[in-house]
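Here the sequence shown stands for residues 602 to 715, where the numbers follow the working numbering.
Every residue gets a Cβ at the ideal spot worked out from N, C-alpha and C, and that includes glycine.
Just so it is clear, the structure is predicted and the values come from calculations on it, not from any experiment.
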Amino acid sequence: MSAWRYLGAVSVVCVLGTSASAIAAPQNKHAIMAQQRMENRQRQMEEMRVQRQAERQRVKEVIRASLAEQRAQQGELANERPNEQFRRMSPEEKMALRKQIREARREIYSQKQN
602 MSAWRYLGAV SVVCVLGTSA SAIAAPQNKH AIMAQQRMEN RQRQMEEMRV
652 QRQAERQRVK EVIRASLAEQ RAQQGELANE RPNEQFRRMS PEEKMALRKQ
702 IREARREIYS QKQN
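Here you go:
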């Protein structure tokens, strides 16, 4: 093969390679743009997720605050009238209660007899 033919073949290959890369360049641009769109969508989705999470956190804080306020109000009511159900009676209180029960029983039976 002569040198000129060799150079001609090499130049044809170079020209074809260059035009192939020129053809591939627009495809790369489309791929790059598609990648950028996908990244933008992902970024938007992440921002929306963070916003929803922050909103849920705010709602939880509001609920906690209102529950704490309700508990405080209930605590104030409990302080005004203590829960007698869980308090044990002293021996003197028990004796006084038994006495009241006996007296009430006497009154009831005396009314039935009359």
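What did DSSP end up calling residue i once you bin it into helix, strand or coil?
i, result
"residue 711", "helix"
"residue 638", "helix"
"residue 691", "coil"
Does any CB atom of chain D fall closer than 7 Å to the CB of residue i?
i, result
"residue 664", "Of the protein chains in the structure, only one exists, and it is not chain D."
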